[in-house]
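Participant: Under our numbering, the first residue of the sequence shown carries the number 7, and numbering increases by one thereafter.
Ideal Cβ placement from N, Cα and C applies to all residues, glycine included.
Computed from a predicted model, the values in this text were never measured in an experiment.
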Amino acid sequence: MSKVYFIKDNFIKKLEPTLKKFPLEKWNGKSVAVKLHMGEYGNLNYVRPPIAGRIVEILKEAGANPFLYDSTTKYKVKRYTVEDYYETARKNGFTEETMGCPIVISNNGIEKDGKLFPVHVIKEIAEADAMLVLSHCKGHPFTSLGAAIKNIGMGCIDRDTKKLCHDKANMVVDLEKCVGCGICINVCPVNAIRVEGKKAVIDYEKCWGCAKCFKACNQQAMSPKELMPDTALASCTLPVLECFDKKDLLYVNVLMDISEMCDCHGDAKLGEMPDIGFLVSDNILAIDSASADLINKAFGKDFFDSIGYRDPKLQVKWLEEQGYGNSDYELVEV
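#1: Only counting runs of 3 or more residues, tell me where the beta strand (DSSP E) segments fall wholly within the region 145-172, in order along the chain.
#2: State the Cα-Cα distance for the pair Phe148 and Met234, rounded to the nearest angstrom.
#3: Sort Gly145, Val88, Ile189 and Leu74 by Cα distance to Lys275 and report the nearest one.
#4: Give me whichever residues DSSP pairs with Phe73 in a beta bridge.
#5: Ile290: which of Ala304, Lys252 and Pro318 sits nearest, CA to CA?
#6: Whole angstroms are fine: how far does the CA of Asn16 sit from the CA of Asp281?
#7: What does a CB cutoff of less than 6 Å around Tyr257 pick up in its chain, not counting 5 residues either side in sequence?
#8: Lys323 lies in the alpha helix (DSSP H); which residues open and close that run?
#9: With distances taken between CB atoms, is the gap from Lys168 to Glu232 smaller than 9 Å?
#10: For Glu353, report the span of its alpha helix (DSSP H) as first-last.
#11: Hey, Phe305 and Met279: beta-carbon distance below 9 Å or not?
#12: Could you name the residues of the same chain whose beta carbon sits closer than 8 Å to that of Met177, not counting the 5 residues immediately before and after it, in chain order?
#13: Grab the span of the beta strand (DSSP E) containing Ser295 for me, first residue to last.
#14: Helix, strand or coil, according to DSSP, for Leu30 in the structure here?
#15: Taking 7 Å as the limit between beta carbons, can you name the residues of its chain near Tyr75, skipping five residues before and five after?
#16: Would you call Gly69 buried or exposed, if buried means 16 or more other Cβ atoms sit within 10 Å of its Cβ?
#17: Just to confirm, are Gly45 and Asn113 a CB contact at a threshold of 9 Å?
#18: Under 8 Å, with one C-beta from each stretch per pair, do the region 12-27 and the region 301-316 reach the 3-pair mark?
#19: When you compare only the Cα positions, how much space is there between Ala346 and Cys107?
#20: CB Gly59 to CB Thr104, shorter than 9 Å?
#21: Whose C-beta lies closer than 7 Å to the C-beta of Phe28 among residues of the same chain, with five residues either side of it excluded?
#22: According to the neighbour-count rule (16 or more other Cβ atoms, all chains shown, within 10 Å of its Cβ), is Asp164 buried or exposed?
#23: Taking the straight line between their C-alpha atoms, what separation do you get for Trp324 and Glu89?
#24: Can you tell me the Cβ-Cβ gap for Val125 and Cys242, rounded? I've got them flagged as a contact below 8 Å.
#25: Is it buried or exposed, Tyr330, if we count other Cβ atoms within 10 angstroms and call 16 or more buried?
#26: Please name the residue, chosen from Lys36, Ser141, Phe100 and Gly161, that lies closest to Ile128 on a Cα-to-Cα basis.
#27: Runs of 3 residues minimum, wholly inside the region 68-124: which ones carry the beta strand (DSSP E) assignment?
#28: I'd like to check one pair, Leu261 with Ile313: are the Cβ atoms closer than 9 Å?
#29: Distance check for Met7 and Phe250, CA to CA, integer angstroms please.
#30: Could you please give me the residues that DSSP links to Gly283 through a beta bridge?
#31: Count the other CB atoms, across all protein chains shown, that sit within 10 Å of the CB of Asp236; report buried if there are 16 or more and exposed otherwise.
#32: Can you tell me whether Asn197 is buried or exposed, with buried defined as 16 or more other CB within 10 angstroms of its CB?
Here you go:
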């Protein structure tokens with residue numbers, strides 16, 4: 007059973023002794039990618055720069071050569087190009103000066119064999135010696151829980167693979183079952199569905215592939231084109247993880263500013279529950295499972311179900327089924 011360390015207060019102060027529960031000296035002289043999402047411009051929920059900066063300091067003190075990393079986006083927002091993302095990162099407080107290390111934004115992919123389809127892993131990630139995954143935990147329309155698995159699966163692949171992942175998870179309408187009731191229209195977060203001739207029609211240029219319509223449809227008229235979003239995403243995560251020995255992976259999940267929407271949205275609402283704390287582990291399945299459990303506990307009921315999302319642990323279960331590891335954990339308060 008893996009240990010998941012739980013920091014409930016004095017976050018910056020307790021980060022160092024908690025991270026040092028893992029042998030960081032093994033990364034002496036090695037390149038360590040610090041994977042994080044630096045926030046869409048206008049979003050205020052992303053991981054705060056002092057958190058990332060302190061992690062960089064701790065890694066450098068251990069002799070590592072860290073760099074902050076993220077990839078460009080599928081959608082044409084303020085992080086669509088490398089140049090735009092660097093500017094957005096600067097506005098959000100992430101620069102080489104403030105972080106004390108290089109910042110790498112990339113869309114250069116290297117093809118890796120995926121379980122379900124080819125996955126182009128970002129070159130700078132595939133060539134790094136180790137990776138520390140720094141994730142903001144929140145709701146996410148594609149995976150229900152946006153945490154470490156999502157951070158890697160969508161953030162460490164190139165744009166073409168992002169598009170392929172979403173395309174395979176697009177919902178398809180069964181015209182024989184659809185009665186044109188319009189429930190799907192009411193739950194769609196991006197107004198991608200309309201009714202024509204008493205049948206639902208999906209605008210795939212707008213569709214996120216979130217599957218809210220799938221869950222809401224009483225007629226079971228919605229089904230994924232090929233894969234459920236959770237499966238499609240996790241199948242992108244696995245080839246990235248396989249670029250590293252497990253001992254060269256470490257995870258920090260930040261359970262603060264927890265909102266319904268991901269940090270990709272500049273207009274995402276502020277967090278809707280009290281801050282919970284930080285989690286640290288070397289097991290991605292355990293830390294994401296613990297994150298979902300703590301969010302539901304803090305909310306007082308199933309947070310993800312209450313906002314129309316699916317089981318947040320489906321992505322965890324898929325990786326378990328592939329033999330990557332076990333999600334059982336022991337929560338250890340620091």
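Facilitator: Here's the rundown:
#1: 150-152
#2: Taking the first residue of the sequence shown as position 1, residue 148 is located at position 142. Taking the first residue of the sequence shown as position 1, residue 234 is located at position 228. If you take the alpha carbons of Phe148 and Met234, they lie about 9 Å apart.
#3: Mapped onto the sequence shown, residue 275 falls at position 269. Of Gly145, Val88, Ile189 and Leu74, the smallest CA-CA separation from Lys275 is found for Gly145.
#4: By 1-based counting over the sequence shown, the position of residue 73 is 67. The beta-bridge partner set that DSSP reports for Phe73 consists of Ala39.
#5: In the sequence shown, the residue the question calls residue 290 occupies position 284. The candidate whose alpha carbon is nearest that of Ile290 is Lys252.
#6: As a working note, residue 281 is residue 275 in the sequence shown. As a working note, residue 16 is residue 10 in the sequence shown. C-alpha of Asp281 to C-alpha of Asn16: approximately 13 Å in a straight line.
#7: Counted from its first residue, the sequence shown places residue 257 at position 251. Correct list, in chain order: Val139, Ala154, Ser287, Ile290 and Ile293.
#8: For the purposes of this step, residue 323 is identified with residue 317 of the sequence shown, where counting begins at 1. Leu320 to Glu327 is the span of the alpha helix (DSSP H), which, as asked, contains Lys323.
#9: For the purposes of this step, residue 168 is identified with residue 162 of the sequence shown, where counting begins at 1. For the purposes of this step, residue 232 is identified with residue 226 of the sequence shown, where counting begins at 1. Going by C-beta atoms, Lys168 is not nearer than 9 Å to Glu232.
#10: Residue numbering for the chain in the displayed model covers 7 to 340; residue 353 lies beyond these limits and cannot be assessed.
#11: In the sequence shown, the residue the question calls residue 305 occupies position 299. In the sequence shown, the residue the question calls residue 279 occupies position 273. Yes, Cβ-Cβ distance for Phe305 and Met279 is below 9 Å.
#12: Here residue 177 refers to the residue found at position 171 of the sequence shown. Only residues of its own chain outside the window of five on either side were considered, and among them Ile208, Cys213, Gly215, Ala217, Cys219, Phe220, Met228, Ser229, Pro230 and Lys231 have a CB closer than 8 Å to the CB of Met177, listed in chain order.
#13: Mapped onto the sequence shown, residue 295 falls at position 289. From DSSP, Ser295 is part of no beta strand (DSSP E) but of the alpha helix (DSSP H) over Ile290 to Phe305.
#14: Sequence index remark: in the sequence shown, residue 30 carries index 24 (1-based). It is helical.
#15: The residue you call residue 75 lines up with position 69 of the sequence shown. So the qualifying residues of the chain are Ala39, Val40, Lys41, Val110, Glu130 and Ile131.
#16: Within the sequence shown, the letter at position 63 stands for residue 69. Gly69 is classed as exposed because its beta carbon has fewer than 16 other beta carbons within 10 Å across all chains shown.
#17: On the sequence shown, position 39 is the one that residue 45 refers to. On the sequence shown, position 107 is the one that residue 113 refers to. Cβ distance not < 9 Å, so Gly45 and Asn113 don't count as in contact.
#18: Not touching, per the Cβ criterion.
#19: Lying before the first or after the last residue shown, residue 346 is absent from the chain, which here runs from 7 to 340.
#20: The sequence position of residue 59 within the sequence shown is 53, counting from 1. The sequence position of residue 104 within the sequence shown is 98, counting from 1. Going by C-beta atoms, Gly59 is nearer than 9 Å to Thr104.
#21: As a first step, residue 28 must be located in the sequence shown, where it is residue number 22. Excluding positions up to five away in sequence, the list reads Leu256 and Asp288.
#22: The residue given as residue 164 occupies position 158 in the sequence shown. Under this definition Asp164 is a buried residue.
#23: The residue you call residue 324 lines up with position 318 of the sequence shown. The residue you call residue 89 lines up with position 83 of the sequence shown. Whole-angstrom Cα-Cα distance: 35 Å.
#24: Here residue 125 refers to the residue found at position 119 when the sequence shown is read from its first residue. Here residue 242 refers to the residue found at position 236 when the sequence shown is read from its first residue. Contact holds; Cβ gap of about 5 Å.
#25: Taking the sequence shown and counting its residues from 1, one reaches residue 330 at position 324. Its Cβ being crowded by 16 or more others within 10 Å, Tyr330 is buried.
#26: In the sequence shown, counting from the first residue as 1, residue 128 sits at position 122. Comparing Cα-Cα distances from Ile128 to each of Lys36, Ser141, Phe100 and Gly161, the minimum goes to Gly161.
#27: 71-77, 109-112 and 115-118
#28: One-based indexing of the sequence shown puts residue 313 at position 307. One-based indexing of the sequence shown puts residue 261 at position 255. Going by C-beta atoms, Ile313 is not nearer than 9 Å to Leu261.
#29: Within the sequence shown, the letter at position 244 stands for residue 250. Within the sequence shown, the letter at position 1 stands for residue 7. The straight-line gap separating the alpha-carbon atoms of Phe250 and Met7 is approximately 21 Å.
#30: Working through the sequence shown from its first residue, we reach residue 283 at position 277. The partner list for Gly283 (beta bridge, DSSP) reads Leu261.
#31: Taking the sequence shown and counting its residues from 1, the one referred to as residue 236 is at position 230. Asp236 is buried by the Cβ-count criterion.
#32: Here residue 197 refers to the residue found at position 191 of the sequence shown. Exposed: under 16 other Cβ atoms inside 10 Å.
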